[in-house]
Amino acid sequence: MRKLQLLQSGWTGLLIVAALAGCSYSSGQKTGSAVGGGNSGGGLEGRTITFVTGSHPWVDVIKPLLPEFEEETGINVRIQGYFEDQLTQKLTVQFAARSETPDVFMYRPLQEGKLFFRNGWLEPLDAYATRDAEYELGDFSPASIRSSTVDGKLAGIPIVTEQQILYYRKDLLQEAGIAVPTTIGELKAAAAKLNHPERGVYGFVARGQRSPLVTQLSSFLYSEGGDFIRNGKAAINTPEALKAFETYGGLLRDYGPPNVINMSWPQASAFFSEGKAALYTDANSIYRAALDPERSKVAGEVGFAPFPAGEKGSMSYNITSWGLAINPKSVDKEAAWTFVEWASGKAMMLLAQQAGNPGPRSSVWNDPQGTIGFPDELASVFKQTINGGVDHDRPQTVDVAAAREQVGKIVQMVITGEPDIRKAADQANAALQAILDEEAE
Numbered sequence: 028m029r030k031l032q033l034l035q036s037g038w039t040g041l042l043i044v045a046a047l048a049g050c051s052y053s054s055g056q057k058t059g060s061a062v063g064g065g066n067s068g069g070g071l072e073g074r075t076i077t078f079v080t081g082s083h084p085w086v087d088v089i090k091p092l093l094p095e096f097e098e099e100t101g102i103n104v105r106i107q108g109y110f111e112d113q114l115t116q117k118l119t120v121q122f123a124a125r126s127e128t129p130d131v132f133m134y135r136p137l138q139e140g141k142l143f144f145r146n147g148w149l150e151p152l153d154a155y156a157t158r159d160a161e162y163e164l165g166d167f168s169p170a171s172i173r174s175s176t177v178d179g180k181l182a183g184i185p186i187v188t189e190q191q192i193l194y195y196r197k198d199l200l201q202e203a204g205i206a207v208p209t210t211i212g213e214l215k216a217a218a219a220k221l222n223h224p225e226r227g228v229y230g231f232v233a234r235g236q237r238s239p240l241v242t243q244l245s246s247f248l249y250s251e252g253g254d255f256i257r258n259g260k261a262a263i264n265t266p267e268a269l270k271a272f273e274t275y276g277g278l279l280r281d282y283g284p285p286n287v288i289n290m291s292w293p294q295a296s297a298f299f300s301e302g303k304a305a306l307y308t309d310a311n312s313i314y315r316a317a318l319d320p321e322r323s324k325v326a327g328e329v330g331f332a333p334f335p336a337g338e339k340g341s342m343s344y345n346i347t348s349w350g351l352a353i354n355p356k357s358v359d360k361e362a363a364w365t366f367v368e369w370a371s372g373k374a375m376m377l378l379a380q381q382a383g384n385p386g387p388r389s390s391v392w393n394d395p396q397g398t399i400g401f402p403d404e405l406a407s408v409f410k411q412t413i414n415g416g417v418d419h420d421r422p423q424t425v426d427v428a429a430a431r432e433q434v435g436k437i438v439q440m441v442i443t444g445e446p447d448i449r450k451a452a453d454q455a456n457a458a459l460q461a462i463l464d465e466e467a468e
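In structure tokens, the structure reads:
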């Protein structure tokens with residue numbers, strides 16, 4: 028498998044300064060001293076654990092500080108990295124073979140969490156996370172914990188969170204005399220007024236690929252009072268769902284680029300960064316591309332705002348996009364938890380956010396030093412959304428891919444001009460219900 032090529036972060040200098048300063052978090056403790064509430068390893072010296080990561084900038088924060096963790100605890104950490112699709116494949120193969128490694132791994136709670144947990148591949152962490160008061164599990168945002176919980180058990184520890192926001196072109200809105208949209212109705216009106224294909228600028232862009240679009244559709248769905256599943260029953264043919272599908276698909280059909288059904292987030296983000304769209308909705312965690320002068324033609328003109336409100340208000344998803352989990356077959360679970368406790372402690376979460384990785388701890392967001400990695404306007408939006416929202420951005424099923432397929436195809440019908448989606452929605456709803464019924468057996 029192709030190993031992860033760790034990205035070089037512009038925050039390396041900051042991390043070095045923080046490390047030399049003791050990597051303090053208000054108390055002046057070193058990052059490692061957060062382990063075990065001050066217990067340096069607890070007799071775990073000489074143990075070796077394997078840590079498998081995904082391709083995420085959060086890893087760039089952790090990796091340079093591993094020697095500090097190893098020195099304080101005596102635990103050796105072997106780190107291996109893979110790109111997302113390779114990571115899922117590797118974990119699935121090893122867990123199916125009942126492997127004792129990796130001991131600790133990154134995973135995507137909403138994509139793999141339910142499958143992994145029900146297969147017995149995630150160690151429940153409730154007892155670990157609550158036995159030391161200094162760890163402060165209650166400091167994690169409620170939505171991040173709910174995102175990481177399966178069947179009432181804490182399946183992993185949140186490390187990176189996401190909420191959906193509105194990206195907009197300050198210059199274009201100002202020139203047109205348009206206020207930043209605060210409702211979905213205002214978003215549609217602004218997209219219409221700012222749509223100028225003849226000038227190479229479209230009113231709106233977002234994900235249009237069948238499966239990827241589902242997560243960004245979700246906030247439209249919740250804001251209209253809908254959800255993918257209600258009380259254990261499929262709900263993608265309800266009036267609220269149909270309205271959300273028509274709104275999201277209609278925005279892309281009427282004011283989006285011609286090839287939008289081929290766009291996932293990298294393509295949509297690049298399109299916006301190239302100055303070809305006035306409005307863009309997606310996760311707040313991918314903001315870097317829009318602000319990087321080397322990649323963005325509009326770096327100085329990008330604004331950020333909370334997700335616009337629908338009939339039920341602004342109901343953005345608020346999820347754990349990445350978490351840390353422990354292999355139930357690990358022979359060093361205590362060492363594994365000691366690492367997880369350190370990596371997700373306040374000190375490390377502070378450093379991660381200073382490097383631009385939005386995290387789950389409320390205390391870090393409330394610390395002025397916790398927002399220096401983000402533009403002021405974006406930090407303000409983060410603070411408005413971190414403790415609210417909906418804890419999922421896709422159907423909560425074991426077979427997430429199949430469920431997303433059913434939702435995405437309805438929206439693509441709207442994008443491509445299908446005048447009536449009711450029959451297709453009924454059929455998709457029946458298919459989603461069949462998935463739920465099979466999983467309940």
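Numbering of the sequence shown is given in the working numbering, commencing with residue 28 and proceeding in unit increments. Glycine is no exception: its CB is placed at the ideal position from the N, C-alpha and C atoms.
Work out the CA separation of residue j and residue i for me, nearest whole Å.
i    : j    : result
S343 : M133 : 24 Å
G435 : P395 : 40 Å
A406 : R125 : 43 Å
E466 : A429 : 12 Å
I437 : K410 : 33 Å
T119 : P129 : 11 Å
E445 : A233 : 19 Å
R449 : A352 : 41 Å
E213 : F255 : 25 Å
F331 : G252 : 24 Å
G81  : A295 : 22 Å
L378 : P84  : 12 Å
R145 : Q243 : 26 Å
K57  : P422 : Bear in mind that a pLDDT of 45 at K57, under 50, signals an unreliable position, so the number given afterwards is only what the model happens to contain. Their backbone Cα atoms lie some 40 Å apart in a straight line.
E368 : D159 : 10 Å
S175 : P224 : 42 Å
K117 : T75  : 20 Å
Under DSSP, the alpha helix (DSSP H) around residue i begins and ends at which residues?
i    : result
T209 : Note, T209: premise wrong, no alpha helix (DSSP H); not H, not E.
T471 : Any answer about residue 471 is impossible in this case: the structure gives the chain only from 28 up to 468.
G345 : With the sequence shown as reference, residue 345 is identified as Asn, and Gly is not the correct amino acid for it. From DSSP, N345 is part of no alpha helix (DSSP H) but of the beta strand (DSSP E) over 345 to 353.
F334 : Where F334 is concerned, there is no enclosing alpha helix (DSSP H), given that its DSSP letter is neither H nor E.
Y249 : 240 to 250
M290 : Unbroken run through M290: none, as it is neither H nor E.
S341 : Per DSSP, S341 belongs to no alpha helix (DSSP H) and is neither H nor E.
I442 : 427 to 442
V408 : 403 to 412
R315 : 315 to 318
W148 : Where W148 is concerned, there is no enclosing alpha helix (DSSP H), given that its DSSP letter is neither H nor E.
R449 : 449 to 467
V358 : Here V358 belongs to no alpha helix (DSSP H), and DSSP marks it neither H nor E.
Q380 : 373 to 381
In the DSSP assignment, what residue or residues form a beta bridge with residue i?
i    : result
V120 : The partner list for V120 (beta bridge, DSSP) is empty, contrary to what the question assumes.
D309 : I192
L93  : Paired residues: none, contrary to the question.
H223 : V228
R388 : F167
V131 : F78, I353
A304 : Y229
T176 : L181
R257 : K260
V187 : W349
V417 : Y344
V329 : R196
Are the beta-carbon atoms of residue i and residue j separated by less than 8 Å?
i    : j    : result
N345 : V425 : no
S191 : D309 : The sequence as given places Gln at residue 191; Ser does not occur at that position. Their beta carbons are under 8 Å apart, which means Q191 touches D309 by this criterion.
E273 : V441 : yes
R135 : E432 : no
W349 : V187 : yes
P385 : N311 : yes
F167 : P387 : yes
V391 : M376 : yes
G230 : L279 : no
P335 : L193 : yes
G400 : G372 : no
L463 : P402 : no
L114 : D420 : no
L181 : A203 : no
Y282 : N354 : no
G183 : K303 : no
Counting only C-beta atoms, is residue i closer than 8 Å to chain C at any point?
i   : result
E99 : Absence of chain C from the displayed structure is noted, only one protein chain being present.
How would you write the range of the beta strand (DSSP E) that residue i sits in, first residue to last?
i    : result
Q107 : 103 to 108
A156 : Careful: A156 lies outside any beta strand (DSSP E), inside the alpha helix (DSSP H) at 153 to 157.
T80  : 75 to 80
Next item on the list: Indicate whether the contact test is met: 3 or more Cβ pairs, each with one atom in the segment 143 to 159 and one in the segment 351 to 366, closer than 8 Å.
Entry: yes
Check: Okay, do the segment 239 to 250 and the segment 267 to 287 touch, 3+ Cβ pairs below 8 Å being the bar?
Finding: yes
Check: Does the pairing of the segment 319 to 338 with the segment 89 to 103 give three or more beta-carbon distances under 8 Å?
Finding: Taking a contact to require three or more Cβ pairs closer than 8 Å, the segment 319 to 338 and the segment 89 to 103 do not qualify as touching.
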